[in-house]
Each structure stands twice: as structure tokens, then as C-alpha cells.
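Counted the way numbering that gives the first Met the number 0 counts, the sequence shown spans residues 0 to 110.
Every residue, glycine too, gets a C-beta built ideally from N, C-alpha and C.
All figures in this text were calculated on a predicted structure; none of them were measured in a lab.
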Amino acid sequence: MSDTCPVLTPEQRQLNEIIERAQTQMMQKVFDALHDAARQAAAEWQAVKTQENPPPHDYFASVVHQRMFLGLCGADAETMTGGDAELAGHLIRNQQNIVSHYRWTAKERED
């Protein structure tokens, strides 16, 4: 396996920049929406006069994660039925690989 990066053509570099800008803007909108949902729920929660805490930001992030996973698998997000089980397995393995990578990185920083 080569440790070198390919040299991109000017066109490829330009296309990568377009994708990166769109990705950055998309993720900012997602994070803003999560923040807004948590803030909205907390504000409306107060009207109920309950001792329960409102759902935290991470709850809404989990909802997005679950619905995106179901959508990528082709499942119905409302009923959690259907979809491609093989693709779901590939997506789960991809996430496990990310966890493994970061555990290795964290261990390396400790040494």
C-alpha cells in the first residue's frame, strides 16, 4: 500500500472544494437545528410545570442519527420496518471501524 497522496488536477481540486463547502454548510445547519430543537423543547417544557428535565441536545442528535441510519438503509423511519439488512450491517461495521480508530488514537496519546 502506498503512503503517498495522489496529486489532484486543478479540476479535481475545485470539485473537492465545492463538496467541502457544501458539507461545511450542511453540517452547520444540522448543528444549528439540533441546538434550536433542544432550546425549543426546553422553553416549551417550562409550561408543563414538571419536575422532569427536558431532553438534552444529545437526545435530538440521537434522533437524527437513528433516522439517517434508517434512511440510508432504505427503512421507514416512522415504523422502523423494511430496508436493506446487508447495507445496515455495512454501515454498522463502518461505525465500529471509526470507534476502533479513535480508541487507537486515544491510546497513542496516553503513551
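Beta-carbon within less than 8 angstroms of residue i's beta-carbon, same chain only, minus the 5 sequence neighbours each way: which residues are those?
i	result
F68	A87, L90
R92	none
Looking at the structure shown, is residue i part of a helix, part of a strand, or coil, going by DSSP?
i	result
D83	coil
A36	helix
E46	The identity of residue 46 in the sequence shown is Ala, whereas the question assumes Glu. Helix.
Using a 10 Å radius around the Cβ and a threshold of 16 neighbouring Cβ atoms, would you call residue i buried or exposed?
i	result
C72	buried
A32	exposed
A42	exposed
With a threshold of 6 angstroms on Cβ separation, who are the neighbours of residue i within its own chain once the five nearest residues in sequence on each side are excluded?
i	result
M0	In this predicted model, M0 has a pLDDT of only 49, less than 50, meaning its place in the structure is not dependable; the value taken from the coordinates is given anyway. Around M0: no qualifying Cβ.
R20	none
V29	none
Hey, out of the options, whose CA is closest to residue i's CA?
i	options	result
P54	T8, D35, D75	D35
Residues in its own chain within less than 7 angstroms of residue i by CB, not counting five upstream and five downstream?
i	result
R66	A76
So, do the region 46 to 63 and the region 1 to 20 have three or more beta carbon pairs nearer to each other than 8 angstroms? Judged by Cβ distances under 8 angstroms, the region 46 to 63 makes no contact with the region 1 to 20, as fewer than three pairs qualify.
Inter-stretch contact (C-beta, 8 angstroms, three-pair minimum) for the region 69 to 81 and the region 49 to 59: The region 69 to 81 vs the region 49 to 59: no contact.
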